[in-house]
Amino acid sequence: MNPSTTIDVSLVVNDAPVVLHCEPSRRLLTVLREDLGLTGAKPGCGVGRCGACLVWLDGEPVNACLVMAYQTQGRAVTTIESVGASAASEPVRRALADCGAVQCGYCAPGLVMMMTHLHTRVPRPDAAQAAADLCGQLCRCTGYGGLQRAIGTLFPG
Amino acid sequence: MADDALLPTPRRVLGHPELLARSRPRPDADAKLRGAAGYPTHRLRPGQLHGAVLGSPVPHARLVAIDTSAAQRIAGVRAVVTAAAISGPALYGLRHVDRPALCTDRVRCVGDPIAAVAADTAQTAQAALAAIRVTLEPLAVVDDAEAALAPTAARVHERGNLLHRVHYASADEAAWAAAEAACAHVVEGEYLSPRQMHVCLETEGGVAEPDGQGGLVLWWGCQNPERDRQVIAAMLCLPPERVRVVGSPVGGSYGAKDELTVQPIAALLAFRSGRSVRLHLSRPASTDLGVKRHPMRVRMRSGCDAQGRLLLHRVEILADTGAYATHGPEVLDAAVEHAVGPYAWTALAIEARLAYTNNGIAGAFRGFGAVQTQWALEQQIDRLARACGIDALAFRSRNLVAPDAPGPLGQEVVPSDGPRLALAQLSRLPIWLERGTVSDDDEGRYRYGLGVAMVHRSDGFGRGGPNGGKLALALASDGRIELRVSLTEMGQSLAESMKALAVRYLGCGEDDLRPVIGDSALAPDTGAAAASRSTSLLHRALSGAARDWIAALGEQAARHLEVAAGTLRFGPGGWSDLQGRPRLSLAELAEVLRTDLPHRVIHIEPEETPSPVPGSHWVFGACAAAARVRIDTWTGALQVQQLALASALGPVVSPMGLLGQMEGGALMGQGMATIERLPMRDARYLARNLDAYLVPTLADAPCAELHAIEDLMPGDTVGPRGAGEIAVNIAVPAVANAVSAAIGMPVERLPIDPDDLLDFLEREA
Numbered sequence: 501m502n503p504s505t506t507i508d509v510s511l512v513v514n515d516a517p518v519v520l521h522c523e524p525s526r527r528l529l530t531v532l533r534e535d536l537g538l539t540g541a542k543p544g545c546g547v548g549r550c551g552a553c554l555v556w557l558d559g560e561p562v563n564a565c566l567v568m569a570y571q572t573q574g575r576a577v578t579t580i581e582s583v584g585a586s587a588a589s590e591p592v593r594r595a596l597a598d599c600g601a602v603q604c605g606y607c608a609p610g611l612v613m614m615m616t617h618l619h620t621r622v623p624r625p626d627a628a629q630a631a632a633d634l635c636g637q638l639c640r641c642t643g644y645g646g647l648q649r650a651i652g653t654l655f656p657g
Numbered sequence: 013m014a015d016d017a018l019l020p021t022p023r024r025v026l027g028h029p030e031l032l033a034r035s036r037p038r039p040d041a042d043a044k045l046r047g048a049a050g051y052p053t054h055r056l057r058p059g060q061l062h063g064a065v066l067g068s069p070v071p072h073a074r075l076v077a078i079d080t081s082a083a084q085r086i087a088g089v090r091a092v093v094t095a096a097a098i099s100g101p102a103l104y105g106l107r108h109v110d111r112p113a114l115c116t117d118r119v120r121c122v123g124d125p126i127a128a129v130a131a132d133t134a135q136t137a138q139a140a141l142a143a144i145r146v147t148l149e150p151l152a153v154v155d156d157a158e159a160a161l162a163p164t165a166a167r168v169h170e171r172g173n174l175l176h177r178v179h180y181a182s183a184d185e186a187a188w189a190a191a192e193a194a195c196a197h198v199v200e201g202e203y204l205s206p207r208q209m210h211v212c213l214e215t216e217g218g219v220a221e222p223d224g225q226g227g228l229v230l231w232w233g234c235q236n237p238e239r240d241r242q243v244i245a246a247m248l249c250l251p252p253e254r255v256r257v258v259g260s261p262v263g264g265s266y267g268a269k270d271e272l273t274v275q276p277i278a279a280l281l282a283f284r285s286g287r288s289v290r291l292h293l294s295r296p297a298s299t300d301l302g303v304k305r306h307p308m309r310v311r312m313r314s315g316c317d318a319q320g321r322l323l324l325h326r327v328e329i330l331a332d333t334g335a336y337a338t339h340g341p342e343v344l345d346a347a348v349e350h351a352v353g354p355y356a357w358t359a360l361a362i363e364a365r366l367a368y369t370n371n372g373i374a375g376a377f378r379g380f381g382a383v384q385t386q387w388a389l390e391q392q393i394d395r396l397a398r399a400c401g402i403d404a405l406a407f408r409s410r411n412l413v414a415p416d417a418p419g420p421l422g423q424e425v426v427p428s429d430g431p432r433l434a435l436a437q438l439s440r441l442p443i444w445l446e447r448g449t450v451s452d453d454d455e456g457r458y459r460y461g462l463g464v465a466m467v468h469r470s471d472g473f474g475r476g477g478p479n480g481g482k483l484a485l486a487l488a489s490d491g492r493i494e495l496r497v498s499l500t501e502m503g504q505s506l507a508e509s510m511k512a513l514a515v516r517y518l519g520c521g522e523d524d525l526r527p528v529i530g531d532s533a534l535a536p537d538t539g540a541a542a543a544s545r546s547t548s549l550l551h552r553a554l555s556g557a558a559r560d561w562i563a564a565l566g567e568q569a570a571r572h573l574e575v576a577a578g579t580l581r582f583g584p585g586g587w588s589d590l591q592g593r594p595r596l597s598l599a600e601l602a603e604v605l606r607t608d609l610p611h612r613v614i615h616i617e618p619e620e621t622p623s624p625v626p627g628s629h630w631v632f633g634a635c636a637a638a639a640r641v642r643i644d645t646w647t648g649a650l651q652v653q654q655l656a657l658a659s660a661l662g663p664v665v666s667p668m669g670l671l672g673q674m675e676g677g678a679l680m681g682q683g684m685a686t687i688e689r690l691p692m693r694d695a696r697y698l699a700r701n702l703d704a705y706l707v708p709t710l711a712d713a714p715c716a717e718l719h720a721i722e723d724l725m726p727g728d729t730v731g732p733r734g735a736g737e738i739a740v741n742i743a744v745p746a747v748a749n750a751v752s753a754a755i756g757m758p759v760e761r762l763p764i765d766p767d768d769l770l771d772f773l774e775r776e777a
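The listed protein sequences correspond, in order, to chains A and B.
As numbered in my numbering, the first sequence has no gaps in its residue numbers, which increase by one up to the final residue, 657.
As numbered in my numbering, the second sequence has no gaps in its residue numbers, which increase by one up to the final residue, 777.
In structure tokens:
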């Protein structure tokens, strides 16, 4: 594929249909931030290690820096702009705020995305499983003390 | 414990459960959790240009020629800049003005900026960079601090490679000889501290934009907007008031964004193109150009008598500052001052050198120079305690300096009982009381160890540093009281501390106060949000000036109500009469005074030690800790299981803020001690992203607890000590000492390598 060719990608972003005209080399994270103005997903490493850009693709968590825009053809992308305003994330946001899991906050949207996904999963994972699944969300500020406490309140057992 | 009697009993301690019970969500938590915090790097707007920087591909070379003509011809390229585009001073720097915003005749490290472009798209910007022709004439690479100081070494700067040197001695030759003669035990070690990377999740970036009136606005996460403004204004030959810098909120800094990196380049691109320009470094570019913790080689020779009284301590420090000075000299000063610890020595001698090399750039990093010597010192202390057969806590407590003793370098300091109180608190915690139950199990696969450490650390900048500052109190037209500071919010909970201190000293309600943060146009120059100084500074300013200011407001309220000022009482919301009936709200007073709203700038005079010891500090906080580790003898895997911190930092201003700073700092220190490895070869970083440079994850976080001692010495006027750094300082030695306790291995190199553990265990077997 010629990298300068523009392709059309039809997808659903936060429940609204979107048609992108973009280069095939464009990543989902870039498209969200640059083309759609959704800056909640954050660039941290670009190699899928920090989790700051985590979004849902057809309801499953993915690092948006590792998804090419064309791979979203016909699929549904959900970002923090939608989830952060939803009732589903309310207990997660409250627990993270109450427990002190937020400092600089750059990792916070990715954390809410991953944690809300885990919290709404049926059956809900136990604390140990939730903690294991949250190891991809790097936080450099808090030392994870607040996150440990939030896991304790959100994932009993 | 033998020396329990020497330790006082802390009177006011907030244990972990109390700290949690008193914690409240940060004012900015919800916006951050919804992805709407508004970081400068998110200020993406249609029509903005994309900035990109061409960094040096080699560590050391003469810059012979730059040909940008081909780049300039590319459609969509709006500006191409080199050092020639800078009309003002070509160099900037804190103590040493040695760093070019864009290189002039020499590149001194990989990534050193040579040229930059602004273009319509990111792809065009990259194409333009690729079209710039640079002629470099390689120079000998200086990639080792010791080699850098050899007389024959290539010079990184014309002035030579020795950037800073400190010599300190507290005893003459005869006193040394006497101390040597009295030693029953002497231990020696060479301790290697690694480069550590800050890994702010938000890399350096932001937006520079012409303000339409010949000036410039910069939105850029930083620790000192006022300084950014001054450097950029000078570079562009603008009066400082024509440049506005909004530096908040910051997606993590820890020292990384204290000094300028590429914001002068963004400003230059915006100024030349007349357009808004965004620039946000990729993680690899941030690794190349961002500062790191100073690598240090610390040699110590320490001795005590048969009763365990410390006698002599000889320290030799060699540090690598890389290509430019930034905070290097102050970092070395801190390493020297904290190599002494809160301990009483009969004879003390310290030699320290800081070398320029071509190894990237080292600069400010939370823990700031001190941590590199503190973990070495704490290893030495443990080794002496073991040699004497005295437990780690008793050994430390019998060697602490008196509360009213001079500071580490003999300077006058604010009296403090912090170290003693912290050790006393630690001695009461279950982790210490139950130390006898730490034993190896699982059929010998795992070895466990409990390590103890003690540190004190300085607050603020050293003598001669920019310790003063200004902030402002104002009544806004909507009746809110504004506390205006140019400090920035980096996650440290500045806004909450401002609110808490305003409630305490103004007597207003929490919602009456609006913190105004991080904007050079809205606040006077408060100085840097750095060196654990923000809370202390705010405390000093408000405890001194707040009551006067609110009293002056009260007089205006009384004048309006035509009553005597003494008949009014100020409280949340405004003024009441002495029976508690509301008389005038803040909003009503603001309405009355709307053409002349009260506004007062508070000047905070620098408080420094009066002793003429350059760079030495006036105020110290203290922390003791115990860490429990598990070592897997099959794999060498090291797990920090438990960490108990006893801090003595004065009154707790923000319980959640304190807890968060301590938990976060501790894991950062643990990372330095255990896994954070940033190798260099031939002056190039071998790990440039988070797939190769590993930082702690949730799985690495120990079960941590904090016990905050609030006691201060009678007559103390300093109040709360900063909590931003000390947990880094304490966690490194606590973990290192726990490893030594577990398997008996002296830790002399960080991060602790599983292979080193296995080698040691093999030799031991």
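Every residue, glycine too, gets a C-beta built ideally from N, C-alpha and C.
Closer than 8 Å to chain A by CB, B:Asn236: no
Interface flag, A:Tyr570 vs chain B, CB-CB below 8 Å: no
Backbone secondary structure at B:Gly683 - three-state DSSP: helix
Local conformation of A:Pro625 per DSSP, three classes: coil
Of the residues B:Arg581, B:Val129 and B:Arg118, the one placed nearest B:Ile86, counting alpha carbons only: B:Val129
B:Ile144 beta carbon less than 8 Å from that of B:Leu61: no
Residue-chain proximity (A:Arg527, chain B), Cβ-Cβ < 8 Å: no
Test item: CB-CB of A:Gly548 and A:Cys565 under 8 Å: yes
Boundaries (first-last residue) of the beta strand (DSSP E) holding B:Gln651: Leu650 to Ala660
Enclosing alpha helix (DSSP H) for B:Asn749 [first to last residue]: Ile738 to Ile755
Distance, B:Glu30 Cα to B:Pro22 Cα: 16 Å
Nearest-angstrom beta carbon gap, B:Val122 and B:Val76 [assumed within contact, 8 Å]: About 18 Å; that fails the 8 Å criterion.
Residue range of the alpha helix (DSSP H) that includes A:Val583: Ile580 to Val583
Chain B residues whose Cβ lies nearer than 7 Å to that of A:Ile507: Those within 7 Å of A:Ile507 in chain B number zero; the least Cβ separation is about 15 Å.
The segment 27-43 of chain B: positions lying closer than 9 Å to chain A by Cβ: Leu32, Ser35, Arg36, Pro37, Arg38, Asp40, Ala41, Asp42 and Ala43
DSSP beta-bridge partners of A:Cys522: A:Ile507
Chain B contact residues for A:Glu534, given Cβ-Cβ distances below 7 Å: Leu56
Below-8 Å beta-carbon distance, B:Gly263 vs any chain A residue: yes
Chain-ordered chain B contacts of A:Asp598 [CB-CB under 7 Å]: Pro37
Span of the beta strand (DSSP E), counted from its first residue to its last, around B:Glu776: Where B:Glu776 is concerned, there is no enclosing beta strand (DSSP E), although the alpha helix (DSSP H) it sits in stretches over Pro766 to Glu776.
Whole-angstrom distance between B:Val243 and B:Gly227, CA atom to CA atom: 14 Å
Given 8 Å, three or more beta-carbon pairs between the segment 414-432 of chain B and the segment 342-353 of chain B: yes
Inter-stretch contact (C-beta, 8 Å, three-pair minimum) for the segment 750-761 of chain B and the segment 689-697 of chain B: no
Proximal residues of chain A, C-beta to C-beta of B:Cys635 below 7 Å: Within chain A, no residue comes near B:Cys635; the closest Cβ sits about 15 Å away, beyond 7 Å.
Three-state secondary structure assigned by DSSP to B:Met13: Because B:Met13 sits at a pLDDT of 41, beneath the cut-off of 50, its placement in the model cannot be relied upon, and the following sentence gives the value as read from the coordinates. In this structure, B:Met13 counts as coil in the three-state DSSP scheme.
Endpoints, beta strand (DSSP E) assigned at B:Ser205: His197 to Ser205
Whole-Å CB distance - B:Arg459 paired with B:Ile643, under 8 Å assumed: 5 Å
Per-residue DSSP class, three states only, for A:Asn502: Residue placement at A:Asn502 cannot be trusted, given a pLDDT of 49 that sits under 50; what the coordinates show is reported in the next sentence. A:Asn502 falls in the coil class under three-state DSSP.
Within 8 Å, strictly: CB atoms of B:Ala506 and B:His197: The amino acid occupying residue 506 of chain B in the given sequence is Leu; Ala does not appear at that position. Cβ distance not < 8 Å, so B:Leu506 and B:His197 don't count as in contact.
A:Met501 versus A:Ser525: straight-line alpha-carbon distance, rounded: In this predicted model, A:Met501 has a pLDDT of only 42, less than 50, meaning its place in the structure is not dependable enough to derive any value.
Reduced DSSP secondary structure (H/G/I, E/B, other) of B:Val76: strand
In DSSP terms, what B:Asn411 is bridged to: None; B:Asn411 has no bridge partner.
Residue-chain proximity (B:Met725, chain A), Cβ-Cβ < 8 Å: no
Length of the line joining the Cα atoms of B:Ala14 and B:Ala406: With a pLDDT of only 43 at B:Ala14, under 50, the local geometry of the prediction cannot be trusted, and the value read off the model is given with reservation. Cα to Cα, B:Ala14 sits roughly 6 Å from B:Ala406.
For B:Ala191 and B:Asp560, the rounded distance between their alpha carbons: 54 Å
Beta-carbon neighbours of A:Glu581, restricted to chain B and to distances below 7 Å: Gly47
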